[in-house]
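The sequence shown: position 303 = 303 (UniProt numbering), numbered continuously. Note that beta-carbon positions come from the ideal geometry of N, C-alpha and C, so glycine has one too. Note that the coordinates shown come from a computational prediction; the quantities given were computed from them, not determined experimentally. Only one structure is covered here, and it is reproduced in the block below.
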Amino acid sequence: MPAARPWQGPGWPVQVTGLADDLLRGAGLCRQGPLRLHFATDLTATHTLHTSQGPAWLKVSDTGQEARLTRHLAAQHPTLVPPLLGADPQRGALLTGDGGTLLDGVGDLGAWTGALERLARFQCATDAAALAAHGAPALPLAQMTERVDALLGDLAALRGWGLSAQEVTTLQAARAQIRAAFLDLHQHGLPDLPAHGDAHPRNVLHSAARGPVWFDWSEAASAAHPFMDAGWFLAFALHPSRAGLPVWQAHDAADRMAGTYLHALGAPDAAPLLHRALPLALLHRAAVYDVAFRNWQGTVPGVRPNYVPY
């Protein structure tokens with residue numbers, strides 16, 4: 001198969017078992033039973049396993065970026081991420097202990113506000129230069145304003161991502177308004193800060209023992225406007241298809257999430273601006289994915305991750 005990933009070959013079960021055992025040995029642990037494939041794409045393969053210390057997850061990626069960044073963050077901010085059992089960036093492998101339940105299945109509003117508070121503290125406290133040294137790109141607001149505008153002006157690109165004629169017309173007609181909204185963010189004065197890069201609720205785990213922890217740091221940035229993370233989190237959770245999430249039973253849940261985040265960020269006055277930034281966060285992500293995947297080739301010709309048309 002052209003461009004096949006290692007985990008798509010017949011010898012992978014033996015290879016990944018050996019990889020898991022190597023990482024477990026480094027942590028002083030033993031595997032109990034076989035690995036099970038949980039999920040796989042052209043980008044990653046995730047496996048579950050049991051160890052002498054409990055359940056664990058082994059994620060193997062086509063680059064070592066996530067393993068490299070997670071190892072760094074676990075050393076600097078151990079309460080931010082799930083328990084790190086091992087990382088091998090050369091082999092794109094990351095082994096973590098169980099971090100709890102996916103946040104979108106948790107009804108306790110405190111778990112959600114805790115996740116956003118922890119996100120804000122990461123943004124404020126993390127060494128941006130160290131993230132950059134570990135390969136995290138910079139996506140500053142000024143640059144992303146231009147990249148979003150360029151994407152919205154590229155008719156062929158928008159059509160190539162499957163947008164309808166009406167969607168293209170609507171977006172192109174809104175270019176001036178969108179640029180003005182980005183300018184409002186700039187004028188408010190919050191600096192570019194380290195970013196998770198894909199900060200939605202299904203990239204957070206919650207447990208009574210550790211509280212909320214963030215995972216999937218594969219798209220972390222050394223610099224981005226902080227509302228690109230928080231806006232994506234809120235936009236994801238507020239999508240109409242997620243109206244049935246248990247957390248929405250709580251009174252004023254969205255406002256309380258935003259308020260907790262902004263207080264932790266040190267910008268308690270910026271709630272209206274954060275809410276107006278939700279569509280900008282989606283456009284930011286669309287522009288990032290357009291660069292990553294417009295000309296991307298996987299194992300099936302012509303098929304690529306289609307994340308741009310949010």
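Within the same chain, show all residues whose beta-carbon is closer than 6 Å to that of residue i, passing over the 5 residues directly before and after it, in chain order.
i      : result
Gly86  : Leu23, Gly26, Ala27, Leu95
Pro55  : Asp98
Ala258 : Ala271, Leu274
Leu131 : Pro194, Ser222
Leu29  : Thr51, Ser52, Gln53
Leu37  : His47
Pro246 : Gly107
Met144 : His284
Leu171 : Leu152
Thr126 : Pro194
Ala128 : Pro194, Ser222, Ala223
Ala133 : none
Keeping to the same chain, check which residues put their C-beta closer than 7 Å to that of residue i; ignore five residues upstream and five downstream.
i      : result
Gly64  : Pro89, Gln90, Gly92
Ala74  : Val81, Leu84
Arg304 : Phe293, Trp296, Gly298
Ala281 : Phe227, Met228, Gly231, Trp232, Ala235
Trp12  : Pro6
Leu262 : Pro268, Ala270, Ala271, Leu274
Ala254 : Leu234, Leu238
Ala3   : Gln297, Gly298, Thr299
Arg121 : Ala264
If you measure between the beta carbons of residue i and residue j, is that distance less than 8 Å?
i      : j      : result
Trp232 : Arg285 : yes
Val16  : Val60  : yes
Ala287 : Val148 : yes
Gly105 : Leu205 : no
Leu278 : Ala235 : yes
His50  : Leu58  : no
Pro102 : Arg202 : Pro is not the amino acid found at residue 102; the sequence shown has Leu there. Yes, they are a contact pair.
Gln249 : Gly135 : no
Leu43  : Ala20  : no
Arg175 : Gly153 : yes
Using 8 Å for Cβ pairs, my map puts residue i next to residue j. What's the rounded Cβ distance?
i      : j      : result
Gln76  : Ser52  : So it is not a contact: roughly 27 Å between Cβ atoms.
Thr299 : Glu117 : Going by Cβ atoms, the distance from Thr299 to Glu117 rounds to 40 Å, so no, they are not a contact pair.
Asp229 : Ala199 : 4 Å
Leu193 : Cys124 : 7 Å
Ala67  : Trp7   : With 8 Å as the limit, Ala67 and Trp7 do not qualify as a contact, their Cβ atoms being about 15 Å apart.
With a threshold of 16 other CB atoms inside 10 Å of the CB of residue i, please say whether the residue is buried or exposed.
i      : result
Glu146 : exposed
Arg71  : buried
Leu283 : buried
Phe39  : exposed
Gly9   : exposed
His196 : buried
Can we count residue i as close to the ligand MG, meaning its CB is less than 7 Å from some heavy atom?
i      : result
Asp252 : Summarising the ligand content, the structure contains no ligands, and the ligand MG is consequently not present.
Less than 8 Å between C-beta atoms, sequence neighbours within five positions excluded: which residues of the same chain meet that for residue i?
i      : result
Arg276 : Ala181, Asp184
Thr79  : Arg118, Arg210, Gly211, Val213
>> For the structure I just gave you, are there three or more beta carbon pairs, one from the stretch 265-274 and one from the stretch 177-194, closer than 8 Å?
In response: Verdict: yes, contact present.
> Quick check: the stretch 133-143 against the stretch 215-231, are there 3 or more CB pairs under 8 Å?
Replying inline: Yes: at least three Cβ pairs fall under 8 Å.
>> Could you check whether the stretch 195-214 touches the stretch 108-120, counting it as contact only if at least three pairs of C-beta atoms, one from each stretch, sit closer than 8 Å?
In response: When Cβ pairs closer than 8 Å are counted between the two stretches, the stretch 195-214 is seen to touch the stretch 108-120, the count reaching three or more.
> Quick check: the stretch 157-173 against the stretch 228-240, are there 3 or more CB pairs under 8 Å?
Replying inline: No: the two stretches stay apart, fewer than three of their Cβ pairs being nearer than 8 Å.
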